[in-house]
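Trainee: So the protein lines, in turn, are chains A and B.
With numbering that gives the first Met the number 0 applied, the first sequence has no gaps in its numbers, which climb one by one up to 412 at the end.
With numbering that gives the first Met the number 0 applied, the second sequence has no gaps in its numbers, which climb one by one up to 290 at the end.
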Amino acid sequence: MNSHSTQSLRARFSRRALMLGTALSLGVAVIGSAQAATPQTASIALIVPLSGNWGEQGQLMREGAQFAIKKINESGGIKATGGTKLKLVVADTGPSVETAVSAAQRVLGAGDISAAVGCWLSSFTLGTTEIAERMQIPWITFSYADKVTSRGYKYTFRDNAPSSWQVSKGLEEILAASAASGHPIKTIAIAGDNTAAGEASHAAIKKYAPKLGLKIVSEQIWTPPLSDPDSVASALKQAKPDLIWGGATTLSDTSGLIQALRAHKVGAPVLGAGSQFLTDAFINAVGGADKVNGLATIVGDGVLKGMEKLNAEFEAEYHHPMIEDMADTYAEFWMIKEAMEKAKSTDPKKVRDALASLDITSGPASFVPGGEVKFDSTGQNIKAAVAIQQWQNGKIVTVAPANAATGKLMPLR
Amino acid sequence: MGLTSVVQHAIDGVLIGGVYALLAAGLALIFGVMRMANFAQGGFVMLGMYAALSLYRGLGLDPYILSLPIGLVALLVGYLVERAIIERVPPGEVDAQMLLTIGLSYVIINLAVIAFGVTPQTIVLAYTHDLWDFGDFYARKALVFACLASLLMMAGLWAFLHHTWLGRALRATADDRDAAEICGMRVSHLQGVAFAIGISFAAIAGALLATFKPISPTAGEPYILIMFIAVVLGGIGSIEGAVIGAFSVGLIEQMSNLALPLALEDVPVFCLFVLTLFLRPSGLFGKRARV
Chain A
0 MNSHSTQSLR ARFSRRALML GTALSLGVAV IGSAQAATPQ TASIALIVPL
50 SGNWGEQGQL MREGAQFAIK KINESGGIKA TGGTKLKLVV ADTGPSVETA
100 VSAAQRVLGA GDISAAVGCW LSSFTLGTTE IAERMQIPWI TFSYADKVTS
150 RGYKYTFRDN APSSWQVSKG LEEILAASAA SGHPIKTIAI AGDNTAAGEA
200 SHAAIKKYAP KLGLKIVSEQ IWTPPLSDPD SVASALKQAK PDLIWGGATT
250 LSDTSGLIQA LRAHKVGAPV LGAGSQFLTD AFINAVGGAD KVNGLATIVG
300 DGVLKGMEKL NAEFEAEYHH PMIEDMADTY AEFWMIKEAM EKAKSTDPKK
350 VRDALASLDI TSGPASFVPG GEVKFDSTGQ NIKAAVAIQQ WQNGKIVTVA
400 PANAATGKLM PLR
Chain B
0 MGLTSVVQHA IDGVLIGGVY ALLAAGLALI FGVMRMANFA QGGFVMLGMY
50 AALSLYRGLG LDPYILSLPI GLVALLVGYL VERAIIERVP PGEVDAQMLL
100 TIGLSYVIIN LAVIAFGVTP QTIVLAYTHD LWDFGDFYAR KALVFACLAS
150 LLMMAGLWAF LHHTWLGRAL RATADDRDAA EICGMRVSHL QGVAFAIGIS
200 FAAIAGALLA TFKPISPTAG EPYILIMFIA VVLGGIGSIE GAVIGAFSVG
250 LIEQMSNLAL PLALEDVPVF CLFVLTLFLR PSGLFGKRAR V
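Rendered as structure tokens:
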């Protein structure tokens, strides 16, 4: 081969290499830009009891989460990140703190979780948020125990009122209403379990009782499930309180206690602590809503004034109205959505920072008692108000706070 | 703590002890004949509860009436389970038997979760939450009925074991399996019968409990420990001992509420359990040594 041919060959190779390289580069650029234009998904974990004593509550929370995800994705997802869609990752805490922690480790440790919501029962939440703190994944909850946001954690947020506020403000409101109706409440009996929220509310009652002018005449505290509601009812009957603080958390304990109080003809009304007094299963267990007419309970959320249309949509899909479990979970997912928009990212640390600086006064994320969300340095929503709901003629009516009430508090029964 | 409270708690203890006796008798029979701890017993109690619930909703019959057909079906199911599954484990393989019945328990519970969901359900009858008032004392009607039914079942079991050939064969196998085999008794068949009766008692107890307890896939679990404590307390191999053990557990459980907070009501029962194992492992009425 002569030098001219060799040069020609080299030139051809060079041209081919140049053309190939250019084609490849263009191809990569096209593919890359196509990927950037495709919305990604961001996973949010929902770690709740789906089995065991508190299984019903977890299932209701899952409905709220699924409803929220659907609404958020239908509205365009996370617009700030190009329309990222949210994906729900559900895990069952199981029946104990140990299984709840194990579920959290498994789900949060698998990676790819931007934020988490759970667990309803404060005892479970205290355990799972330790895992979330360690893995630096933001966690929003409506569990009541004060301790949830008093451990110095940076990644735990609570959007509703803690147990101590429920007692100091909620109970105060009930006492005022009862006094105004000519039935002053001077004595109270505590009947509840020793889960974390129960212990927190019992401690708060003891702390605030003198200030509220209350005398505690009986304390019946048990480890759930309650094996003998009759002995509790019998003891309460002997104590003759003006009001019974109903701190049972499981369905069987809640309905068993109410049934036993009725069987023993205990006249004192029950003030519940939690949405477990509002579920379909509770009503079926006690024999109908007419059997609990007038029963009031302090809750973290529910169908507040302004949420009627949303509730109607929910009820059309799930065949029962929203209560705290669904409503609060729904709001929490929207809070996460707002945080992602603010952070322009789905990275857990950036979502955490955005949550910590949120100041929400409108929109679905504000569908909590108080109507505002602003977390302090402990993760507590300082704008949260105490909500009270009551069974009235077969319907659940929100009677407090005043600016979110859908009806008036009737005399407790 | 007045005398009224003491008497009331004693009444409650005896009544619930009667129900525990039905549960314990079934387990004691399995223990005695098969030398096997059946950790799936609670699962069959739960199945009895769901059977009562389903049939009550479908036919509108009281669970007391339904308990008889439920018990008969459970007899057949128990026999088949023993011959098809339990019998696969060679006799004497205690660990394997224990693991097998624990696994069986998990299977039963999770099948119930799939079939019925996790939300507890209840049967609300006219007498479910009704009481008989006797001045300062009361007795829950549903509990009284369950206790009386249990005592009737105990009497029936006693008569069966002492006055029928099959019953005597079961007792012979429990006393000395090898001698029974030498005498020509079909021990494997008798073991199936014992297991069947034990499961049948568990299912009937479940049907009775369904009249006043919530029904859920894990509803039978709390009774496993109670059954084992009653059987150990009374003496492994002794049905009469298990019945007395069950009444003792019921009484201790209720009486402990007089002095201890509710949250600690199980502590005295477990303390007694540990003491029994420590001081008299054969139980109050069990044999000190087997020949």
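Think of the CB as a built atom: it goes at the ideal place given N, C-alpha and C, for glycine as much as any other residue.
Straight-line CA distance for residue 228(B) to residue 266(B)?
Mentor: As a first step, residue 228(B) is located in the second sequence; it is residue number 229 there, counting from the start. As a first step, residue 266(B) is located in the second sequence; it is residue number 267 there, counting from the start. So the two alpha carbons sit approximately 12 Å from each other.
Trainee: How long is the line joining the alpha carbons of residue 275(A) and residue 411(A), rounded to whole angstroms?
Mentor: Taking the first sequence and counting its residues from 1, the one referred to as residue 275(A) is at position 276. Taking the first sequence and counting its residues from 1, the one referred to as residue 411(A) is at position 412. Distance between the alpha carbons of residue 275(A) and residue 411(A): 17 Å.
Trainee: Any C-beta of chain B sitting closer than 8 Å to the C-beta of residue 61(A)?
Mentor: For the purposes of this step, residue 61(A) is taken as the residue at position 62 of the first sequence. By this cut-off, residue 61(A) is not an interface position.
Trainee: Helix, strand or coil: how does DSSP classify residue 103(B) here?
Mentor: What you label residue 103(B) is simply residue 104 of the second sequence in a count that begins at 1. Residue state, collapsed to three classes: helix.
Trainee: List the residues of chain A whose Cβ lies closer than 8 Å to the Cβ of residue 11(B), in chain order.
Mentor: Mapped onto the second sequence, residue 11(B) falls at position 12. The answer, in chain order, is 227, 229, 230.
Trainee: Within 10 angstroms of its Cβ, does residue 308(A) collect 16 or more other Cβ (buried), or is it exposed?
Mentor: As a working mapping, residue 308(A) is identified with position 309 in the first sequence. Exposed is the call here.
Trainee: Quick one: give me the first and last residue of the alpha helix (DSSP H) that residue 72(B) is part of.
Mentor: Taking the first residue of the second sequence as position 1, residue 72(B) is located at position 73. Start and end: 62-83.
Trainee: By Cβ distance below 6 Å, which residues in the same chain neighbour residue 321(A) in space, the five residues on each side in sequence not counted?
Mentor: Residue numbering aside, residue 321(A) sits at position 322 when the first sequence is read from its first letter. Taken in chain order, the residues that qualify are 302, 310, 313.
Trainee: Any chance you could list the alpha helix (DSSP H) runs of at least 4 consecutive residues sitting entirely within the segment 194-282 of chain B, in chain order?
Mentor: Fully enclosed alpha helix (DSSP H) runs of 4 or longer: 220-233, 238-258, 266-278.
Trainee: Less than 8 Å between the CB atoms is what I'm expecting for residue 160(A) and residue 385(A), so what's the real figure, rounded?
Mentor: Within the first sequence, the letter at position 161 stands for residue 160(A). Within the first sequence, the letter at position 386 stands for residue 385(A). That pair is a contact at about 5 Å.
Trainee: Excluding five sequence neighbours on each side, which residues of the same chain lie with their C-beta closer than 6 Å to the C-beta of residue 201(B)?
Mentor: What you label residue 201(B) is simply residue 202 of the second sequence in a count that begins at 1. Contacts found: 25, 40, 43, 44.
Trainee: Among 56(A), 166(A), 71(A), 55(A), which residue has its Cα nearest to the Cα of residue 362(A)?
Mentor: Taking the first sequence and counting its residues from 1, one reaches residue 362(A) at position 363. With distances taken between Cα atoms, residue 362(A) lies closest to 71(A).
Trainee: Leaving out five residues before and five after residue 87(A) in sequence, what residues of the same chain have Cβ atoms less than 7 Å from its Cβ?
Mentor: Mapped onto the first sequence, residue 87(A) falls at position 88. Excluding positions up to five away in sequence, the list reads 43, 45, 64, 65, 68.
Trainee: Check whether chain B comes within 8 Å of residue 280(A), counting only Cβ atoms and requiring the distance to be less than that.
Mentor: Sequence index remark: in the first sequence, residue 280(A) carries index 281 (1-based). Chain B contact via Cβ: present.
Trainee: Please go through the same chain and pick out, in chain order, the residues whose beta-carbon is closer than 7 Å to the beta-carbon of residue 284(A), but skip the five residues on each side of it.
Mentor: Start at 1 with the first residue of the first sequence, and residue 284(A) comes out as number 285. The answer, listed in chain order, is 250, 254.
Trainee: Write down the C-beta distance between residue 228(A) and residue 52(A) rounded to the nearest angstrom, noting that I regard them as a contact closer than 8 Å.
Mentor: Locating residue 228(A) in the first sequence gives position 229, where the first residue counts as 1. Locating residue 52(A) in the first sequence gives position 53, where the first residue counts as 1. The Cβ separation is near 15 Å, so there is no contact.
Trainee: Beta carbons nearer than 7 Å to chain B: which residues of the segment 46-61 of chain A have them?
Mentor: Residues passing the 7 Å Cβ filter: 49, 50, 51, 54, 55.
Trainee: Short of 6 Å in beta carbon distance, which residues of its chain neighbour residue 31(B), apart from the five on each side in sequence? Order them along the chain.
Mentor: Your numbering for residue 31(B) matches position 32 in the second sequence. Within the same chain, residue 31(B) has close Cβ partners 173, 236.
Trainee: 8 Å is my cut-off, CB to CB: does residue 262(B) come that close to chain A?
Mentor: If you number the second sequence from 1, residue 262(B) lands on position 263. So, interface residue.
Trainee: Starting from residue 157(A), trace the beta strand (DSSP E) in both directions and tell me its first and last residue.
Mentor: Taking the first sequence and counting its residues from 1, one reaches residue 157(A) at position 158. Its beta strand (DSSP E) spans residues 155-157.
Trainee: Just to check, is the beta-carbon of residue 38(B) closer than 7 Å to a non-hydrogen atom of the ligand MG?
Mentor: As far as ligands go, the structure on display features none, and thus does not contain the ligand MG.
Trainee: If we ignore side chains and look at the alpha-carbon of each, how far apart do residue 159(B) and residue 169(B) end up?
Mentor: In the second sequence, residue 159(B) corresponds to position 160, counting from 1. In the second sequence, residue 169(B) corresponds to position 170, counting from 1. Rounded to the nearest angstrom, the two C-alpha atoms are 10 Å apart.
Trainee: Using a Cβ-Cβ distance under 8 Å, would residue 197(A) count as near chain B?
Mentor: The residue labelled residue 197(A) in the question sits at position 198 within the first sequence. Output row for residue 197(A): interface = no.
Trainee: Output yes if chain A places a C-beta closer than 8 Å to the C-beta of residue 135(B); else output no.
Mentor: Your numbering for residue 135(B) matches position 136 in the second sequence. Taking Cβ atoms only, chain A never reaches closer than 8 Å to residue 135(B), which makes this a no.
Trainee: Between 267(A), 272(A), 360(A), which has its C-alpha nearest residue 169(A)'s C-alpha?
Mentor: Residue 169(A) sits at position 170 when you count from the first residue of the first sequence. It is 272(A).
Trainee: For the segment 254-284 of chain B, which residues have a CB atom closer than 9 Å to at least one CB atom of chain A, in sequence order?
Mentor: Residues 256, 260, 261, 262, 263, 264, 265.
Trainee: Taking residue 126(A) as the reference, which of 148(A), 353(A), 110(A), 109(A) has the closest Cα?
Mentor: Residue numbering aside, residue 126(A) sits at position 127 when the first sequence is read from its first letter. Nearest option by C-alpha distance: 148(A).
Trainee: Which residue marks the beginning of the beta strand (DSSP E) containing residue 90(A), and which one marks its end?
Mentor: Taking the first residue of the first sequence as 1, we reach residue 90(A) at position 91. Element bounds for residue 90(A): 84-91.
Trainee: Measuring straight from C-alpha to C-alpha, what distance separates residue 40(A) and residue 84(A)?
Mentor: Residue 40(A) sits at position 41 when you count from the first residue of the first sequence. Residue 84(A) sits at position 85 when you count from the first residue of the first sequence. Distance between the alpha carbons of residue 40(A) and residue 84(A): 5 Å.
Trainee: Can you list, in chain order, the residues of its chain whose CB lies under 7 Å from that of residue 162(A), leaving out five sequence neighbours each side?
Mentor: Locating residue 162(A) in the first sequence gives position 163, counting from the first residue. Taken in chain order, the residues that qualify are 143, 144, 145, 196, 199, 200, 203.
Trainee: Give the range of the alpha helix (DSSP H) segment to which residue 324(A) is assigned.
Mentor: Mapped onto the first sequence, residue 324(A) falls at position 325. 323-342 is the extent of the alpha helix (DSSP H) around residue 324(A).
Trainee: Against chain B, which members of the segment 74-97 of chain A pass a CB distance test of less than 8 Å?
Mentor: Cβ contacts with chain B come from 94.
Trainee: Can you name the residues of chain A whose CB is closer than 7 Å to the CB of residue 210(B)?
Mentor: As a first step, residue 210(B) must be located in the second sequence, where it is residue number 211. Per Cβ cutoff of 7 Å: no residues; residue 210(B) is ~13 Å from chain A at best.
Trainee: Taking the straight line between their C-alpha atoms, what separation do you get for residue 284(B) and residue 171(B)?
Mentor: Walking along the second sequence from the start, residue 284(B) turns up at place 285. Walking along the second sequence from the start, residue 171(B) turns up at place 172. Straight-line Cα distance between these residues: approximately 17 Å.
Trainee: Going by beta carbon distance, what residues of the same chain come within less than 8 Å of residue 231(A), once the five residues before and after it are set aside?
Mentor: For this step, residue 231(A) is matched to residue 232 along the first sequence. Here the set comprises 190, 219, 221, 225, 256, 259.
Trainee: With a threshold of 7 Å on Cβ separation, who are the neighbours of residue 82(B) within its own chain once the five nearest residues in sequence on each side are excluded?
Mentor: The residue given as residue 82(B) occupies position 83 in the second sequence. Correct list, in chain order: 191.
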